[in-house]
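Numbering (the numbering used here), first residue to last: 10 to 239.
These notes concern the structure reproduced below.
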Amino acid sequence: MTAISHRSQTLTVAAQPFDFCFEVCNTALVIIDMQRDFIEPGGFGASLGNDVSLLSAIVPACQSVLAAWRHAGGVVVHTREAHAADLSDCPPAKRNRGQPTLRIGDAGPMGRILVSGEHGNQIIDALAPLDGEIVIDKPGKGAFYATTLHTRLQQLHISHLIFMGVTTEVCVQTSMREANDRGYDGLLLVDCTESYFPQFKAATIAMTHAQGGIVGWTAASAPLLSALVV
Ligand code: C5J
């Protein structure tokens, strides 16, 4: 693979509802919540009664995009759904909802559920952040709520975001909508995102690119990977 020669070259990805055009220098790859709590048994996702094996299936595709994006020299953002140890940033309504077998903050097989610094709260080894990449701990579903993400992206002159991660209709979709309202153009990579509910993933993809891209664009990762090599 040869790196693109100019990070300011305009690249085009075949997408829905139409081509997504961007420059690597003004685009960040945003990887939502690929943390053990959602992907591996014993975490928050499993405590809600979900089959977590569905989510791990996207890891190889995410790894390919992350490797190509790093090779192209693009900004990488990793997020984690994470709360302070004293749960001061976790509203009781969020903690109590759903009657999970383990609530946020309870001790589980991988440490306290969705608490910063716990083993289960770490991003899976296959997609672990490198030094210098942005890691955002977010107390909400959206990556922009109560975080420094918007400020940090503005400092880097980022206007376009490419999204991967889990779960499609919860933290990924919420983050895309928050980004849209803040003026970013967002592309969702459909084979690099997953839900515990396939019908919710399909609906999210459809509603994202409907009405001329009312929330953003959707595409497979293959045309992005092609665009990133010359
Ligand atoms: C959920 C997330 N599903 N990362 N969080 O509670 O989507």
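Ideal Cβ positions, reconstructed from N, Cα and C, are used throughout, including at glycine.
Which of helix, strand or coil DSSP assigns to residue i
i: G117; result: strand
i: F47; result: helix
i: Q241; result: There is simply no residue 241 to check, as the chain begins at 10 and stops at 239 in what is shown.
i: E187; result: helix
i: D134; result: helix
i: F29; result: strand
i: I253; result: With the chain represented from 10 up to 239, any question about residue 253 goes unanswered, as that position is not in the structure.
i: L139; result: coil
i: V68; result: helix
i: A229; result: coil
i: L63; result: helix
C-beta contact flag for residue i and residue j at 8 Å
i: A90; j: C201; result: Looking at the sequence itself, residue 90 is Glu, so the reference to Ala does not match. For E90 and C201, no; Cβs fall outside 8 Å.
i: R45; j: H128; result: yes
i: M173; j: C99; result: no
i: V85; j: A228; result: no
i: G52; j: G114; result: no
i: G122; j: S62; result: Looking at the sequence itself, residue 122 is Ile, so the reference to Gly does not match. The answer is no: Cβ separation not under 8 Å.
i: I40; j: L136; result: yes
i: G107; j: V33; result: no
i: D140; j: S125; result: no
i: I48; j: S73; result: no
beta-carbon residue i near the ligand C5J non-hydrogen atom, thresh 7 Å
i: D194; result: no
i: T176; result: yes
i: C71; result: no
i: C30; result: no
i: K103; result: no
i: K150; result: yes
i: C180; result: yes
i: D42; result: yes
i: E90; result: yes
i: F172; result: no
i: F27; result: no
Exposure of residue i, with buried meaning 16 or more beta-carbon neighbours within 10 Å
i: Y154; result: exposed
i: T160; result: exposed
i: M185; result: buried
i: L198; result: buried
i: Q25; result: buried
i: M119; result: buried
i: T88; result: buried
i: I223; result: exposed
i: R191; result: exposed
i: N105; result: exposed
i: P69; result: exposed
Span of the beta strand (DSSP E), counted from its first residue to its last, around residue i
i: H169; result: H169 to V175
i: V179; result: First-last for V179: undefined, no H or E at that position.
i: G129; result: No beta strand (DSSP E) holds G129; DSSP gives it neither H nor E.
i: T88; result: V84 to E90
i: L198; result: D194 to E203
N- and C-terminal bounds of the alpha helix (DSSP H) containing residue i
i: K103; result: P101 to N105
i: F53; result: F53 to S56
i: L38; result: Element bounds for L38: not the alpha helix (DSSP H) but the beta strand (DSSP E), T36 to I41.
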